[in-house]
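S.K.:
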Amino acid sequence: MELSFPAADVEEPAEEPVDASGACAQADSDKAAAAKTAGIARCNFFTDCLLEQTMIQRWEARGAGVADRAIKL
Numbered sequence: 017m018e019l020s021f022p023a024a025d026v027e028e029p030a031e032e033p034v035d036a037s038g039a040c041a042q043a044d045s046d047k048a049a050a051a052k053t054a055g056i057a058r059c060n061f062f063t064d065c066l067l068e069q070t071m072i073q074r075w076e077a078r079g080a081g082v083a084d085r086a087i088k089l
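Quick note, the numbering used here runs 16 ahead of the 1-based positions in the sequence shown.
1. Can you give me the C-alpha to C-alpha distance between Gly79 and Leu66, rounded to a whole angstrom?
2. Taking the alpha-carbon positions, what's the Ala54 to Ile72 distance?
3. Enumerate in chain order the residues of its own chain whose CB-to-CB distance from Ala48 is below 7 Å, with the five nearest sequence positions on each side excluded.
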């Protein structure tokens with residue numbers, strides 16, 4: 017089986033193809049950027065979680081104080 021295309025349908029690449037080392041360097045760069053982004057997201061999640069836990073603890077402590085004052089009155 018033979019495939020043939022008219023010359024008008026064949027497009028030449030606009031740029032020179034990237035060599036393997038350049039492609040690998042780009043992939044490593046993309047991977048590092050993705051890892052950094054994931055790290056930031058993980059940090060934000062941890063910070064949000066820590067903040068939420070702190071707020072819950074303060075709310076519970078404040079709630080206990082209000083209940084104690086109500087009993088004393």
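Ideal placement from N, C-alpha and C gives every residue a C-beta, glycine not left out. The structure presented is a predicted model; accordingly, all values stated were derived computationally and were not measured.
M.R.: Reading it off the structure:
1. For the purposes of this step, residue 79 is taken as the residue at position 63 of the sequence shown. For the purposes of this step, residue 66 is taken as the residue at position 50 of the sequence shown. C-alpha separation (whole angstroms): 20 Å.
2. As a position in the sequence shown, residue 54 is number 38, starting the count at 1. As a position in the sequence shown, residue 72 is number 56, starting the count at 1. So the two alpha carbons sit approximately 27 Å from each other.
3. The residue you call residue 48 lines up with position 32 of the sequence shown. Closer than 7 Å at Cβ, skipping near neighbours: no residue.
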